[in-house]
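Colleague: Submitted below is the structure of interest, expressed as structure tokens.
Printed below as a string of structure tokens:
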């Protein structure tokens, strides 16, 4: 939403829905720069808005690096939830569980927001991205054990929309394209690019993507993702 105050991504969404006829178009955002006027103009083309929320405690958000200055992240979440309902966009939450939020009880807040899905990720190290010499940020201090992650999941077992993703489920179960249209293979703990699909085509490039279809299905990657089929009460 930095480019043209959301107009650029809005036009991309409209193109994907109107011209490419994609069954589902979704975006992931921290939500800090989304305004109601954007929903008025582009909401009809968007199936799912996934908002990143790692904590409902502002002090923890600052520790994690999710602080938004003078803005209240929780109040903004509530506004986004309201707009999604008003403009018929499915609302989803993404949370990365780490050392600073692993003991938090989010049951009440998640149930109040009532997202269609709450994706709960175990903090994952990727060399060159959040660990190693060329890392954009160092994430070692955020890492939790598998047991800690399971403990968090158990605390929230009554949340029906919870979709957990451990390190094992996450690493090879996504197809990721970078800005050069190269698949990124994460099997060796770092994002290793294939050749561009613009040069060699999808069928050849995808062989080097590291994609694990069984794990994709195991983590619940196949679900009803078109808002026309969700039968939600807007």
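In the numbering used here, the protein residues as written are 10 to 243. No residue lacks a Cβ here, since even glycine has one placed at the ideal position from N, Cα and C.
Under DSSP, the beta strand (DSSP E) around residue 191 begins and ends at which residues?
Modeller: Position 182 of the chain shown, counting from 1, holds the residue named residue 191. Element bounds for residue 191: 191-194.
Colleague: Measure the alpha-carbon distance for residue 240 versus residue 96 and round it to whole angstroms.
Modeller: Reading the chain shown from its first residue, position 231 is the one you call residue 240. Reading the chain shown from its first residue, position 87 is the one you call residue 96. Approximately 14 Å, taken between the alpha carbons.
Colleague: Just to confirm the assignment: which complete beta strand (DSSP E) runs, minimum length 3, are found wholly within the region 64-109?
Modeller: 99-106
Colleague: Going by DSSP, what residues sit across from residue 130 in a beta bridge?
Modeller: Here residue 130 is taken as the residue at index 121 of the chain shown, counted from 1. DSSP, once it has assigned bridges, lists 105, 174 as partnering residue 130.
Colleague: Identify whether residue 188 lies in helix, strand or coil by the three-state DSSP scheme.
Modeller: Start at 1 with the first residue of the chain shown, and residue 188 comes out as number 179. In the structure shown, residue 188 sits in coil (DSSP, three-state: anything other than H, G, I, E or B).
Colleague: Measuring CA to CA, which of 181, 197, 205 is closest to residue 191?
Modeller: Mapped onto the chain shown, residue 191 falls at position 182. Comparing Cα-Cα distances from residue 191 to each of 181, 197, 205, the minimum goes to 205.
Colleague: Determine the direct distance from the alpha carbon of residue 168 to that of residue 178, and round the result to whole angstroms.
Modeller: On the chain shown, residue 178 is found 169 positions in, with the first residue counted as 1. On the chain shown, residue 168 is found 159 positions in, with the first residue counted as 1. Near 20 Å, if we compare the C-alpha coordinates of residue 168 and residue 178.
Colleague: Work out the CA separation of residue 175 and residue 155 for me, nearest whole Å.
Modeller: Taking the chain shown and counting its residues from 1, one reaches residue 155 at position 146. Taking the chain shown and counting its residues from 1, one reaches residue 175 at position 166. Each residue's Cα considered, the two are about 8 Å apart.
Colleague: Taking just the CA atoms, how far does residue 208 sit from residue 123?
Modeller: If you number the chain shown from 1, residue 123 lands on position 114. If you number the chain shown from 1, residue 208 lands on position 199. For residue 123 and residue 208, the distance between alpha carbons rounds to 43 Å.
Colleague: CA-CA distance, residue 10 and residue 36?
Modeller: As a first step, residue 10 must be located in the chain shown, where it is residue number 1. As a first step, residue 36 must be located in the chain shown, where it is residue number 27. If I take the Cα positions, the gap works out to 11 Å.
Colleague: Is residue 294 helix, strand or coil by DSSP?
Modeller: Beyond the ends of the chain as shown, which are 10 and 243, falls residue 294; an answer cannot be given.
Colleague: Rounded C-beta distance between residue 127 and residue 170? I'm assuming under 8 Å.
Modeller: What you label residue 127 is simply residue 118 of the chain shown in a count that begins at 1. What you label residue 170 is simply residue 161 of the chain shown in a count that begins at 1. About 5 Å; that satisfies the 8 Å criterion.
Colleague: In this structure, how does DSSP classify residue 215 when only helix, strand and coil are distinguished?
Modeller: Position 206 of the chain shown, counted from the first residue, corresponds to residue 215. Helix.
Colleague: Determine the burial state of residue 114: buried for a count of at least 16 other Cβ atoms within 10 Å of its Cβ, exposed for fewer.
Modeller: Taking the chain shown and counting its residues from 1, one reaches residue 114 at position 105. Flag for residue 114 reads exposed.
Colleague: I need the straight-line Cα distance from residue 55 to residue 102, nearest angstrom please.
Modeller: As a first step, residue 55 is located in the chain shown; it is residue number 46 there, counting from the start. As a first step, residue 102 is located in the chain shown; it is residue number 93 there, counting from the start. One Cα belongs to residue 55, the other to residue 102, and the distance between them is close to 15 Å.
Colleague: Quick one, which of 186, 129, 40 has its alpha-carbon nearest residue 92's?
Modeller: Counting from one through the chain shown, the residue named residue 92 turns up at place 83. Considering only alpha carbons, the answer is 40.
Colleague: Measuring only the C-alpha atoms, how far is residue 64 from residue 110?
Modeller: If you number the chain shown from 1, residue 64 lands on position 55. If you number the chain shown from 1, residue 110 lands on position 101. Using only the alpha carbons, I get a separation of about 6 Å.
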